[in-house]
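K.L.:
Residue numbers for the sequence shown follow the numbering used here, beginning at 32 and rising by one.
Note that CB positions come from ideal geometry on N, CA and C, so glycine has one too.
Just so it is clear, the structure is predicted and the values come from calculations on it, not from any experiment.
The structure under discussion is supplied below as structure tokens; questions concerning it will follow.
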Amino acid sequence: MLERLLITGAAGGLGRMARERMKHMAKTLRLSDIVDLGSAAENEELVVCDLGDPAAVNDLVAGCDGIVHLGGISVEDTFAKILNANIQGIYNLYEAARKNGSPRILFASSNHAIGFHPQMERLDASSPTRPDGLYGVSKCFGESMASMYHDKFGVETAILRIGSCFIEPKDHRMLSTWLSYDDFVSFAECVFSVPRLGCPIVYGASDNDAAWWDNRASAYLGWKPKDNAASFRDKVNANVPKPAKGAPETIYQGGKFAADRIHED
Ligand code: NAI
Ligand code: 15L
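So this is what it looks like as structure tokens:
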């Protein structure tokens, strides 16, 4: 069990889930976000902090032996916002980790780092990145930071290229990209218990029949996702209109993000 697990982005969708479902992983959960986090439960420490602030992030990381990094801009946005939260923010996080005992990190990267690859291509950890927007570019930057801090300083990171982590798949594309909450938590349990982590790139998807991604390179982690988006196929077919043939959500792994405009400041 970890002594103190830091969860950034704890007020967000995945952060709220992790706050509830990762309690058992550490004696203390240090929860952080740029917005209010309510009141602290018995084993919680709450820290409101902008990831773009180097001194605040250094204080945030000090004393933690594990980090689940969920904080930041999570969809396409202006470059100014992405720069502060996802680029300056990840630099601040890795510098703080380097200076504070090299806690293990689970970095929430995204399928949008590879989103311009066509859906018919099967990708693995060695496939080239192909970001589908500025948000995707920022995740590529984060992945490169993880790799460099591992090679140069020994900071271990699991780079999880999350597909679509929600209670259930919301559309046809997510029948391929869905990651269940249970499978996300079991991944985090592997990350913080495996004897040697290194710096693997792992595709964050459940055991979906319609999967696009191959995780054999990280089989040594022992992570075995158990859920399958196929069990929601009928529900999606009944409730969500099929996208038109040739629409971006039928062509690109990143779906609609590939057709998103640049959000000017
Ligand atoms: P979210 O947008 O619900 O949560 C992100 C949190 O980060 C928010 O609570 C926000 O207040 C906080 N944040 C934003 N800027 C900040 C800053 N400058 N300083 C501190 N905190 C800041 O996103 P969600 O869905 O919970 O995703 C969590 C992480 O997982 C994100 O990094 C996202 O890119 C990644 N991810 C999520 C996927 C999903 O399906 N939910 C898919 C792929 C990646
Ligand atoms: C992401 O990276 C986003 O954070 C999430 O909100 C979804 O849009 C997801 O990708 C997806 O591609 O479904």
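Does the ligand 15L have even one heavy atom less than 7 Å from the beta-carbon of His203?
P.N.:
For the purposes of this step, residue 203 is identified with residue 172 of the sequence shown, where counting begins at 1. Result no, Cβ not under 7 Å from the ligand 15L.
K.L.:
Enumerate in chain order the residues of its own chain whose CB-to-CB distance from Glu75 is below 7 Å, with the five nearest sequence positions on each side excluded.
P.N.:
The residue you call residue 75 lines up with position 44 of the sequence shown. Hits under 7 Å: Leu60, Leu62.
K.L.:
Check whether the segment 160–168 touches the segment 200–218, taking contact to mean three or more Cβ pairs, one atom from each stretch, closer than 8 Å.
P.N.:
By the Cβ criterion, the segment 160–168 is not in contact with the segment 200–218, since fewer than three pairs of Cβ atoms, one from each stretch, lie closer than 8 Å.
K.L.:
Report yes if the C-beta of Phe197 is less than 7 Å from at least one heavy atom of the ligand NAI; otherwise report no.
P.N.:
Within the sequence shown, the letter at position 166 stands for residue 197. Yes, Cβ of Phe197 sits closer than 7 Å to a heavy atom of the ligand NAI.
K.L.:
If you draw a straight line from the alpha carbon of His148 to that of Ile98, how long is it in whole angstroms?
P.N.:
The residue given as residue 148 occupies position 117 in the sequence shown. The residue given as residue 98 occupies position 67 in the sequence shown. About 30 Å.
K.L.:
Got a sec: does the ligand 15L put a non-hydrogen atom nearer than 7 Å to the Cβ of Asn246?
P.N.:
For the purposes of this step, residue 246 is taken as residue 215 along the sequence shown, with counting starting at 1. For the ligand 15L, not one heavy atom lies less than 7 Å from the Cβ of Asn246.
K.L.:
Rounded to the nearest angstrom, what separates Ala242 and Ser195 at their Cα positions?
P.N.:
Start at 1 with the first residue of the sequence shown, and residue 242 comes out as number 211. Start at 1 with the first residue of the sequence shown, and residue 195 comes out as number 164. Taking the Cα positions, Ala242 is about 12 Å away from Ser195.
K.L.:
Does the count of Cβ pairs from the segment 140–158 and the segment 224–244 closer than 8 Å reach three?
P.N.:
yes
K.L.:
Given this structure, state the Cα-to-Cα distance separating Glu34 from Ala269, to the nearest angstrom.
P.N.:
By 1-based counting over the sequence shown, the position of residue 34 is 3. By 1-based counting over the sequence shown, the position of residue 269 is 238. When only Cα atoms are considered, Glu34 and Ala269 end up about 46 Å apart.
K.L.:
Return yes when the Cβ of Leu191 is within less than 8 Å of the Cβ of Ala139, no when it is not.
P.N.:
As a position in the sequence shown, residue 139 is number 108, starting the count at 1. As a position in the sequence shown, residue 191 is number 160, starting the count at 1. Yes, Cβ-Cβ distance for Ala139 and Leu191 is below 8 Å.
K.L.:
Using the three-state DSSP reduction, which class does Gly229 fall into: helix, strand or coil?
P.N.:
Taking the sequence shown and counting its residues from 1, the one referred to as residue 229 is at position 198. Coil.
K.L.:
Output yes or no for whether 8 Å exceeds the beta carbon distance between Val186 and Ala127.
P.N.:
The residue given as residue 186 occupies position 155 in the sequence shown. The residue given as residue 127 occupies position 96 in the sequence shown. Taking C-beta atoms as the reference points, Val186 and Ala127 fail to come closer than 8 Å.
K.L.:
According to the neighbour-count rule (16 or more other Cβ atoms, all chains shown, within 10 Å of its Cβ), is Met53 buried or exposed?
P.N.:
Counting from one through the sequence shown, the residue named residue 53 turns up at place 22. Met53 comes out buried.
K.L.:
DSSP three-state label for His294, please.
P.N.:
Taking the sequence shown and counting its residues from 1, the one referred to as residue 294 is at position 263. Strand.
K.L.:
Straight-line CA distance for Thr188 to His181?
P.N.:
Numbered from its first residue, the sequence shown carries residue 188 at position 157. Numbered from its first residue, the sequence shown carries residue 181 at position 150. When rounded, the distance between both Cα atoms is 7 Å.
K.L.:
Less than 8 Å separating the beta-carbons of Pro226 and Val267?
P.N.:
Position 195 of the sequence shown, counted from the start, is the residue given in the question as residue 226. Position 236 of the sequence shown, counted from the start, is the residue given in the question as residue 267. The answer is no: Cβ separation not under 8 Å.
K.L.:
Of all the options Ser105, Val92, Asp96, which has the alpha carbon lying nearest to the alpha carbon of Leu45?
P.N.:
On the sequence shown, position 14 is the one that residue 45 refers to. The option with the nearest alpha carbon to Leu45 is Ser105.
K.L.:
My guess is that Ala219 and Glu174 are in contact by the Cβ rule of under 8 Å, so how many angstroms apart are they, rounded?
P.N.:
As a working mapping, residue 219 is identified with position 188 in the sequence shown. As a working mapping, residue 174 is identified with position 143 in the sequence shown. Their Cβ separation, rounded to whole angstroms, is 18 Å, which puts Ala219 and Glu174 out of contact at 8 Å.
K.L.:
Confirm, please, whether the CB-CB distance from Cys95 to Leu36 is below 8 Å.
P.N.:
Residue mapping note: residue 36 aligns to position 5 of the sequence shown, counting from 1. Residue mapping note: residue 95 aligns to position 64 of the sequence shown, counting from 1. It is a contact, given that the beta carbons lie within the stated cut-off.
K.L.:
Just the Cα atoms here: how many angstroms apart are Ala49 and Glu295?
P.N.:
In the sequence shown, the residue the question calls residue 49 occupies position 18. In the sequence shown, the residue the question calls residue 295 occupies position 264. Rounded to the nearest angstrom, the two C-alpha atoms are 32 Å apart.
K.L.:
Hey, would you say Lys170 sits closer than 8 Å to Ser207, going by beta carbons?
P.N.:
On the sequence shown, position 139 is the one that residue 170 refers to. On the sequence shown, position 176 is the one that residue 207 refers to. Taking 8 Å as the Cβ cut-off, Lys170 and Ser207 do not qualify as a contacting pair.
K.L.:
Could you tell me the alpha carbon to alpha carbon distance between Gly229 and Phe184, rounded to whole angstroms?
P.N.:
Reading the sequence shown from its first residue, position 198 is the one you call residue 229. Reading the sequence shown from its first residue, position 153 is the one you call residue 184. Looking at the two C-alpha atoms, the distance is approximately 12 Å.
K.L.:
In whole angstroms, give me the CA-to-CA distance for Asn117 and Ser70.
P.N.:
As a working mapping, residue 117 is identified with position 86 in the sequence shown. As a working mapping, residue 70 is identified with position 39 in the sequence shown. Cα-Cα distance, rounded: 26 Å.
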